[in-house]
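Peer 1: The listed protein sequences correspond, in order, to chains A and B. So in the numbering used here the end of the first sequence lands on 1135, straight run, no missing numbers. So in the numbering used here the end of the second sequence lands on 590, straight run, no missing numbers. Sharing a structure, written as structure tokens. Questions coming.
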Amino acid sequence: MKKKTTKQNIDISKLSQSSQDLINKEISFSKTLSHRSVNTKKKNDLIVNGLYEINDRDLFISLNKEDFKVNLFTIEELLAKDKQREEDGFPRRIRLGKYIKPIKGSQEKIVVVPTTTEPKFYHDDSITEDGEENTGGSGDGEEGEVIGEQQAEPQEGEGEGQGAGQGEGSDHDLIEDAFDLGKVITKKFELPNLKPKGKKLSTNKYVYDLTDINRGFGQYLDKKATIKRIIETNIMLDKLTPGNEISPQDLIINPQDQIFRILSKEKDFEAQATVFFVRDYSGSMMGEPTEAIVMQHLFIYSWLMYQYQNQVNVRFILHDSDAKEVPDFYTYYKSNVAGGTNVFPAYELVADIIEKEQLYRDNNIYIFHGTDGDDWDEDGEKAISAVRRFLPYISRMGITVAKNSWGSEDRDTTVEKYFESSGLLKEKHDLIRMDGFAASQGTEDRIIEGIKKLTS
Amino acid sequence: MQLIDQNTKKIMEGCKERARSFGLDVPNETLEYIVTNRDMINLSPKVMIPTLYNYWVNDVEVLKESGRYKLYPSNPYETVINTRPPISFYNDNNPDWLNIMIFYHVIAHIDFFRNNILFQNTWNDDFVGKALADKRLIESFRSRYGRWVDYVIEFARSIDNITGYFKSLPKLNLHKEQEPGEKMEYFINIFLPDVVKATEVEVIKYIEKYNLLVESDKDNADRLFFADIKLRFPEFDAMFENNYVDSKAEEDIMEFISEYSPFLNKKENQWMKSVLSIVRETSLYFAPQMRTKIMNEGWASYWHDKLFISDDRIKGFETQYAKINSGVTSISRVGLNPYAIGLRMFYFIEEMADKGKFYYDFQKLTDRDKRSEYNKNIGKGMQTIFEIRKNFTDFNFINIFTSQDFVDRYNLFVVGKRLDEERGVYQYYVKSRKAEEYKQMLIDSMTHPPVIKVNHDKTNDENLYLVHEFEGKQLYKPYIADTLIGLEFLWGDQVVLETTEIRIDKENSDENETKFVYDKVLYSVKDRKVTKTKL
């Protein structure tokens, strides 16, 4: 129940001039308080609040817009603030992380939380002449005796060199970094043609709906359910005899029989996506083309990780003259081989996976293919027919051709040629895009521009 | 959050009486609050100061911790803050007997805060009240300048770990009129050591000479002294004019920026200085706590154990107590626990002093058996540990008392961690049982922020030139750029940082030996673009 405020309407026109002046003066004073309880709508229609209408609480709150109580920001507000930072020219600082608790026999519990760091000048303990990390211990044991072991992260060869086969850091680090990178580039693009498909619950988006049921009180009376309960109660009380007419005034109504709907927080559904990364890892890709493609796919992957978190399933496919699926981005990113090149097995594999797993039913499907444009299959007949197979299911396919310097930097490559002549690029412009550039020009900016072209 | 009930308060007053009879210094007025886990989560990012200014990083922390709490609930037992009157918080899930144990722990912390001389700068402060005033000021800035207040807080906080806490200490005991003049200060502290390269003995001679003059003719001492200096060092006056920097601004970068930044000195930006000063003062307030962690926790553990066991009112809870106490103070197989190390160190020192082992008679003994049997029964243990809690910090506590006897007594060792590449595991092994190495390991784990100073010769309005004094460790690279961007904002123009970076010398390293190359590098930030060049 909304409490009615008592207001007096005063007609002051009949009062003496001095009284009128006094009242007008009072009113003009109260206006300087910027207080909303005094209203002068029309000249002679004044609404003046009673003496007890003004109280400390309202007055001070209206004077002080800032709330001195704990005013915690929500994740959404914090992210909005973070976006503002970027516009102000400072690097973003908040990233979303999650706590995961594995539970035996059921799905792990996940809580999404914001995290941040405060950059300061700190000593870096990781690289010193001492080399080893030391800590304290106690108990028995000779010097040199091993007292415990811990599984190490997979070690990789160190080096800053060329190609995807080398690199530093572990799988775990890569994903952490990907997250960071995604944060940086996330503003620049978004998935095209994203359609509401699938039934996956969102982890951090909610809607409010009148879905909860409550007896006795609530926001909205569910009349049908209430009548049902009243009748049940009255049957139990022998108030009703089957066959006889029911007269409502004879029914006993228990307040607990009133069924209400209550506003409740419901998890929202989000569109789900599956993204295929397809990469040529044949011999001709060695060096610059691989670097450019891997970097581009890393960017896309990072951005997906950040932006769509649990809503994106990612599949990785590598091909030379044959195609295979690999389990994670790390393997995808690091693998290198020297073999011939056929594009069609990869496309066929993608089409097979989509059809076999019926991914098109619940998923928006995206395919990103990176190649140097080389294909032993000159006319690309098989490749094009595979593309035609999966084209009806997908939301976008993006092909990046990073051309080799020794080959055809300024000429069209085999892949470009057969895609051109198939007419697909024009015919299905909304679904398929191609971007070709010289691998030697594969700077970060060029690569991001490429992603924009592929996803616009 | 509510005050503890009267019944418990009465029991706690009894605890105070018992603690006082052992010589602990506990004030009559103390405040105890019962808090929920939720309160704890909300307060901990604000270092438990309920009135600390609002800042979004704290909010992120609160959200993160509440997320964690959903999956991994935990009950922190207590926490105490150093303010006047002292305030402590108790978890609402604690049983009464536990609160008594905790209160003894808290009493010892309070005693430590009130007596350890490193805390001298905090002795007169009602920090909670001061924080509230600061918070209000910041809120009023927020209503005027909006989000820019948060940027200034952020950039100030980016250098709040390198505040010159120790540099601010010597002046604490100096009477206003005892402070040397600007000229004298520059002459003694900068001109002699840096320009003339005078030895310490020479510097002291100058000081004595000056003191003699002051004694004989106080009013003219300065004039006479510097007249003589002018003859000897004709360049002094000019150098003083050009290079003198207020000694307050010499304390740390934040003070320097606050004093000399062309951007902050603009009329419309003056308010930023207040923000800087709030952030700095807050950081300085916690500086002594960070430097007495082992001692403070050791001292509190020592006393809660001693006082709880001797308290007749809690008979029947000995086993529950023993379980919690051992959880707090047990020394783990691998890892460092400041409670455990500190507690054992106090026990060890007390015993040494009781037996007279700090005397030279003992120190000169080399015979192992004689050393262990040595006992003069002089009973100075208690007095000694009280002296130590007054005059020591973690560094000299550990540096002086970590002897081989201590390490052997508690079966301590340094744990090394190495990679077994074949099996893909890290191995933890007993690296050393030598006292020297154990001590070094403890010292390495203490707070030691990098030393970063302003180079006055290269600094001007368009350029703030910072130099990192390399101590064998490089700066954590991923943070350098972001920190510099913040500093550029505060200075209003280019900021430069000279530092040293370490990399592995691949060509000259082999399996047995890793060699390092030290590169002097220069980071500079201009228009929020950070570049790095080799020097």
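Think of the CB as a built atom: it goes at the ideal place given N, C-alpha and C, for glycine as much as any other residue. Quick caveat: nothing in here was measured; it's all calculated off a predicted structure.
1. Measuring only the C-alpha atoms, how far is Phe1047/A from Met1076/A?
2. Measure the alpha-carbon distance for Thr753/A versus Ile96/B and round it to whole angstroms.
3. On the criterion of 16 or more Cβ atoms from any shown chain inside 10 Å, does Thr457/B qualify as buried, or is it exposed?
4. Quick check: Arg958/A and Gly1049/A, are their CB atoms within less than 8 Å of each other?
5. Which bits of chain A does Thr538/B rub up against, with CB to CB less than 8 Å?
6. May I ask which residues mark the beginning and end of the alpha helix (DSSP H) holding Arg75/B?
7. Using the three-state DSSP reduction, which class does Tyr132/B fall into: helix, strand or coil?
8. Whole angstroms is fine: what's the gap from Leu725/A's alpha carbon to Glu194/B's?
9. Would DSSP call Gln834/A helix, strand or coil?
10. I want to see whether chain B comes within less than 8 Å of Gly827/A, judged by CB atoms only; does it?
11. Is there at least one Cβ from chain B nearer than 8 Å to Ile1127/A's Cβ?
12. Let's see if you can read the secondary structure: which residues bound the alpha helix (DSSP H) around Arg287/B?
13. Please tell me whether Phe1069/A and Val1029/A are closer than 8 Å, where the distance is taken between their beta carbons.
14. Under 9 Å between beta-carbons, which chain B residues line up against Leu757/A? List them in chain order, please.
15. Kindly list, in the order they appear in chain A, the residues whose Cβ is closer than 9 Å to that of His503/B.
16. With the cut-off set at 8 Å, would you say Thr554/B and His523/B are in Cβ contact?
17. Starting from Arg583/B, find everything on chain A with Cβ-Cβ shorter than 8 Å and list it in chain order.
18. With 7 Å as the limit, tell me which residues of the stretch 459-482 of chain B have their beta carbon closer than that to any beta carbon of chain A; keep them in chain order.
19. For a quick check, are the C-beta atoms of Arg335/B and Thr502/B less than 8 Å apart?
20. Starting from His998/A, follow the alpha helix (DSSP H) in both directions and report where the run begins and ends.
21. So which residues on chain B does Lys760/A lean against when the C-beta distance must stay under 9 Å?
22. At 8 Å on the CB atoms, spell out the chain A contacts of Tyr534/B, in chain order.
23. Is Val1016/A close to chain B, meaning its C-beta is less than 8 Å from at least one C-beta of that chain?
24. Give a yes or no on whether 8 Å exceeds the smallest Cβ distance from Ala843/A to chain B.
25. State the DSSP-derived secondary structure class of Ser943/A, mapped to helix, strand or coil.
26. May I ask which residues mark the beginning and end of the alpha helix (DSSP H) holding Ser1064/A?
27. Throw me the rounded Cβ distance for the Tyr145/B and Ile66/B pair, which I believe falls under 8 Å.
28. Can you list the residues of chain B that Val991/A reaches, using a CB-CB cut of under 7 Å?
29. Could you compute how far the alpha carbon of Asn170/B sits from the alpha carbon of Tyr1009/A?
30. Exposed or buried, what is Ser338/B when buried is set at 16 or more other beta-carbons lying within 10 Å of its beta-carbon?
31. Just to confirm before moving on: does the CB-CB distance between His164/B and Val183/B stay below 8 Å?
32. Note down, in chain order, every chain B residue with its Cβ under 8 Å from the Cβ of Asp819/A.
33. By the three-class DSSP mapping on this structure, what secondary structure does Asp1051/A have?
34. From the DSSP output, in three-state form, read off Met103/B for me.
35. Taking Cβ-Cβ distances shorter than 8 Å, what residues in chain A pair up with Asn216/B?
36. Which residue's Cα is closest to the Cα of Ile308/B: Pro150/B, Asp422/B, Leu545/B and Glu556/B?
Peer 2: In terms of the structure at hand:
1. As a first step, residue 1047/A is located in the first sequence; it is residue number 368 there, counting from the start. As a first step, residue 1076/A is located in the first sequence; it is residue number 397 there, counting from the start. Taking the straight line from one Cα to the other gives about 6 Å.
2. Residue mapping note: residue 753/A aligns to position 74 of the first sequence, counting from 1. Residue mapping note: residue 96/B aligns to position 41 of the second sequence, counting from 1. Rounded to the nearest angstrom, the gap between the Cα atoms of Thr753/A and Ile96/B is 15 Å.
3. The sequence position of residue 457/B within the second sequence is 402, counting from 1. With 16 or more other Cβ atoms within 10 Å, it is buried.
4. For this step, residue 958/A is matched to residue 279 along the first sequence. For this step, residue 1049/A is matched to residue 370 along the first sequence. In this structure, Gly1049/A lies closer than 8 Å to Arg958/A by Cβ.
5. Residue numbering aside, residue 538/B sits at position 483 when the second sequence is read from its first letter. Chain order gives the chain A residues near Thr538/B as Pro798, Lys799 and Phe800, where near means a beta carbon separation below 8 Å.
6. Position 20 of the second sequence, counted from the start, is the residue given in the question as residue 75/B. Run containing Arg75/B: Gln61 to Ser76, per the alpha helix (DSSP H) assignment.
7. On the second sequence, position 77 is the one that residue 132/B refers to. In this structure, Tyr132/B counts as coil in the three-state DSSP scheme.
8. In the first sequence, counting from the first residue as 1, residue 725/A sits at position 46. In the second sequence, counting from the first residue as 1, residue 194/B sits at position 139. Confidence at Leu725/A is low in this model, with a pLDDT of 42, below 50, so its placement is unreliable and the value that follows should be read with caution. One C-alpha to the other measures close to 37 Å.
9. Mapped onto the first sequence, residue 834/A falls at position 155. For Gln834/A, the pLDDT reaches just 36, beneath the cut-off of 50, and the residue's location in the model is therefore unreliable, leaving the point undetermined.
10. Translated into the one-based positions of the first sequence, residue 827/A becomes position 148. Output row for Gly827/A: interface = yes.
11. In the first sequence, counting from the first residue as 1, residue 1127/A sits at position 448. Taking CB atoms only, Ile1127/A has no neighbour in chain B less than 8 Å away.
12. Position 232 of the second sequence, counted from the start, is the residue given in the question as residue 287/B. It spans Ala276 to Arg287 - the alpha helix (DSSP H) in which Arg287/B sits, taken as one unbroken run.
13. Taking the first sequence and counting its residues from 1, one reaches residue 1069/A at position 390. Taking the first sequence and counting its residues from 1, one reaches residue 1029/A at position 350. Yes, Cβ-Cβ distance for Phe1069/A and Val1029/A is below 8 Å.
14. For the purposes of this step, residue 757/A is identified with residue 78 of the first sequence, where counting begins at 1. Result: Trp111, Asp114, Val115 and Leu118.
15. Start at 1 with the first residue of the second sequence, and residue 503/B comes out as number 448. Around His503/B, the beta-carbon contacts reaching into chain A at under 9 Å are His802.
16. Along the second sequence, one-based indexing puts residue 554/B at 499. Along the second sequence, one-based indexing puts residue 523/B at 468. It is a contact, given that the beta carbons lie within the stated cut-off.
17. In the second sequence, the residue the question calls residue 583/B occupies position 528. Result: Gly768 and Phe769.
18. Residues of the stretch 459-482 of chain B with a C-beta atom less than 7 Å from some C-beta of chain A are Tyr465, Asn466, Leu467, Phe468, Val469, Val470, Gly471, Lys472, Arg473, Leu474, Glu476, Gly479, Val480, Tyr481 and Gln482, listed in chain order.
19. Along the second sequence, read from residue 1 onward, the residue named residue 335/B stands at position 280. Along the second sequence, read from residue 1 onward, the residue named residue 502/B stands at position 447. Not a contact, by the Cβ cut-off of 8 Å.
20. The count along the first sequence starts at 1 and reaches residue 998/A at position 319. Here His998/A belongs to no alpha helix (DSSP H); instead the beta strand (DSSP E) covers Val991 to His998.
21. By one-based count along the first sequence, residue 760/A stands at place 81. Those are Trp111, Arg202 and Asp205, listed as they occur along chain B.
22. In the second sequence, counting from the first residue as 1, residue 534/B sits at position 479. At a C-beta separation below 8 Å, Tyr534/B has these neighbours in chain A: Thr796, Pro798, Lys799, Phe800 and Tyr801.
23. For the purposes of this step, residue 1016/A is taken as the residue at position 337 of the first sequence. Answer no: the Cβ-Cβ gap between Val1016/A and chain B never drops below 8 Å.
24. Against the first sequence, residue 843/A aligns to sequence position 164. In this prediction, Ala843/A scores a pLDDT of 31, lower than 50, which makes its location untrustworthy; the coordinate-derived value is nonetheless stated afterwards. Answer no: the Cβ-Cβ gap between Ala843/A and chain B never drops below 8 Å.
25. Taking the first sequence and counting its residues from 1, one reaches residue 943/A at position 264. DSSP places Ser943/A in strand when its eight states are reduced to three.
26. Here the question's residue 1064/A lines up with position 385 in the first sequence. Counting along the chain, the alpha helix (DSSP H) containing Ser1064/A begins and ends at Glu1060 to Phe1069.
27. Locating residue 145/B in the second sequence gives position 90, counting from the first residue. Locating residue 66/B in the second sequence gives position 11, counting from the first residue. That belief does not hold up - the Cβ atoms of Tyr145/B and Ile66/B are roughly 12 Å apart, past 8 Å.
28. Locating residue 991/A in the first sequence gives position 312, where the first residue counts as 1. Correct list: empty, because the minimum Cβ distance to chain B is about 22 Å.
29. Taking the first residue of the second sequence as 1, we reach residue 170/B at position 115. Taking the first residue of the first sequence as 1, we reach residue 1009/A at position 330. Take the alpha-carbon of Asn170/B and the one of Tyr1009/A: they are about 56 Å apart.
30. Here residue 338/B is taken as the residue at index 283 of the second sequence, counted from 1. It counts as buried.
31. Residue numbering aside, residue 164/B sits at position 109 when the second sequence is read from its first letter. Residue numbering aside, residue 183/B sits at position 128 when the second sequence is read from its first letter. Cβ distance not < 8 Å, so His164/B and Val183/B don't count as in contact.
32. Locating residue 819/A in the first sequence gives position 140, counting from the first residue. Chain B residues near Asp819/A: Asn466.
33. Position 372 of the first sequence holds residue 1051/A. Collapsing the DSSP output to three states places Asp1051/A in coil.
34. For the purposes of this step, residue 103/B is identified with residue 48 of the second sequence, where counting begins at 1. Coil, per DSSP.
35. As a first step, residue 216/B is located in the second sequence; it is residue number 161 there, counting from the start. Residues of chain A passing the Cβ test: Lys799, Phe800 and Tyr801.
36. Walking along the second sequence from the start, residue 308/B turns up at place 253. Residue Leu545/B holds the alpha-carbon nearest to the alpha-carbon of Ile308/B among Pro150/B, Asp422/B, Leu545/B and Glu556/B.
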